[in-house]
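Input: a single structure, listed below in structure tokens.
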Amino acid sequence: MHVAAGQHAYQAPPGTGIPDTQSWPALAQRQKRWAPKARTGCLTCRRRRIKCDETKPVCNRCTISANYCERYDVTHNIIAAAQASLSSPKSPLCNANDRTSSKLLYFLNVTDPGYGLNSWRPNLLKQLPQRMGYSKVLDTTVATFTSLLETLHGPSAFQQPSHRSRQLYISSLKGLQRALAAPDERYRLSTIFSASLLAQCHVWMHQNSTIACGHGQGLTHLLKVLLVQRPKDPFALGLCYAMLAEVVEQAVFNPNIQLFPWIQTLYSLPGPPLWKPSTSTATKPELTAVNLAPISMIPGLMRNPRENKHQVQSTYDYLIEVCLLVNKCVMANKECPYFDTWDFMRLNEIHGMCAGSAVVLNAFLRTFHPSNTALVGQKVVLCAQVIALAERAMHERPLCAHHVPQALLAAWCVTDGHVKARLRQLLQDYRETYAMARLVYFVASWPEAPAQIQDIPWFTMYDGRGGSHKGSGKDGPLGGTNQRLTEYCCIL
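Straight run, no breaks: the sequence shown in numbering that gives the first Met the number 0 ends on number 491.
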């Protein structure tokens, strides 16, 4: 945690081996008196008004205080790298693979919402063709991405990735590791964009949850670095918000991803519109913006609900408001000629994130207020909205419906009877497309979760000691409605 000068001294987490600043005040004072004035230290030390020892790549001051060591030259290199990637050279540095380019152009022009790249991230991916050939890691990643998409687009719907796709995926991961290890490539937009695309590829690879968490933590670091330059370019901004959606989603289930305080930097950046301005003059409900602040609080609230009852209630109220507004937009505009596929996909993405989170917060509030019948009624409405969303977004697979399984699993934990049977079928349908492990890696204290989640026959729960057991439909060692489930778990 960053502590400004004159405030309380930094206290390192136990077991880290980092001494508290209180243990060496005399040394800090002597260094401050002896040090000559200089302007070459890191920006972090300058903001803290302390003398930087100028050790590179990370100064000792930042190492001891566990702060991010931000340097002018590093920041300058990040900005220069981003600007260099934005203003591409006149001729490619290498020849882009013709097969990859052809497949990329094909998927950019596909009108099917589940495969059309222009329907998924239109402001971001439409710039890919002119960026091909200037970055080896980006070219390899695009080859992997299009190969996987081609496999999923084959005659047999949602078949497993081909052997070539898996080989390309491994090659892309190795190439990304090399790029991240090279100072002149590490923070280029092409490298960061490659990391974001590979995270999307992992959704289809059905790998284990440990790798999924590594992707999430890596994206978090790259997003934090990208925000250092406060991007204004549309491509860089689009990349920021695309990565943010992935990071927030993973933070719900991965306790190692901390969103605060760095995510507040995004609050002041210009946000991309949720959809294109409507040309209709009809008075229909339109969702103009989603407040990022309460959305970014959701992961922390899910882990510590009892300590944050007031925030749980206020965030829940906001999510309910958004869900109602989204539902009105869908019903009012489903026949509107001015609303195209991209509009509805943005609506579904917002609906999936908000409805799934609202179901979980509703469970917390029902535990806090067991006699509140209004919360029970809202639970029924939310679960019905989740089912409607899953059915509505079915045709958006595999590109755009990755937010739906999270909402389905949340609803599964709080329902029974015929509703649960329908949710079970929908979970099975979406399991054919997505690696569920990344979405259910960490389940915090949902009141009904421990017993209900084990009813899924293809569920494997890890006990935190390296062991695991299959769900059997009965209460296992983590059963019981009042027990806190904090172990890592995944769905295979």
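Using N, Cα and C, we set each Cβ at its ideal position, and we do this for glycine too.
A quick note: this is a predicted structure, and the numbers were derived from the prediction, not measured.
Taking C-beta atoms as the reference points, Leu127 and Leu107 count as a pair closer than 9 Å. Scanning Cys399, Val413, Gln427 for the CA closest to the CA of Pro112 turns up Cys399.
In the displayed model, Met131 falls within coil according to three-state DSSP, outside both helix and strand.
In the structure shown, Gln126 adopts coil according to DSSP, grouped into three states.
Under a 10 Å Cβ-count criterion, Val385 is classified as buried, with 16 or more other Cβ atoms of the shown protein chains found around its own Cβ. Closest by C-alpha distance to Leu188, out of Ser171, Leu221, Ile49, His201, is Leu221. With distances taken between CA atoms, Pro121 lies nearest to Tyr240 out of Ala142, Tyr240, Lys55.
Take the alpha-carbon of Leu238 and the one of Ala409: they are about 28 Å apart. Under the three-state reduction of DSSP, Val251 is assigned to coil, being neither helix nor strand.
In this structure, Pro397 sits near Leu151, with a CB-CB distance shorter than 9 Å.
Out of Gln199, Ser170, Pro182, the CA that lies nearest to the CA of Leu116 is found in Gln199. In this structure Gln249 is buried. Its beta-carbon is surrounded by 16 or more other beta-carbon atoms within 10 angstroms. A contact between stretches requires three or more CB pairs, one per stretch, nearer than 8 Å, and the region 214-229 fails this requirement with the region 159-171. Lys419 sits in a helix when the DSSP states are folded into three classes. For the pair Thr140 and Leu103, the CB atoms are not nearer than the 9 Å cut-off. Along the length of the region 218-250, whole alpha helix (DSSP H) runs at least 4 residues long occupy 233-250, reported in chain order.
Gly115: not part of any alpha helix (DSSP H); DSSP gives it neither H nor E. One thing to note: Leu300 has its Cβ within 9 Å of the Cβ of Asn307.
Between Ser118 and Cys412, the alpha-carbon positions lie close to 32 Å from each other.
The three-state reading of DSSP puts Pro293 in helix, counting H, G and I together. For Glu320, the uninterrupted alpha helix (DSSP H) segment begins and ends at 308-332. For Phe192, the enclosing alpha helix (DSSP H) has its first and last residue at 188-204.
Here His201 is buried. Its C-beta has 16 or more other C-beta atoms within 10 Å. Arg48 sits exposed, since fewer than 16 C-beta atoms from the chains shown fall within 10 Å of its C-beta. Annotated three-state conformation of Val413 is coil, per DSSP.
Here Leu236 has Pro230 as same chain residues with Cβ atoms under 6 Å from its own Cβ, once five neighbours each way along the sequence are excluded. Between the C-alpha atoms of Leu291 and Lys223 there is a straight-line separation of about 16 Å.
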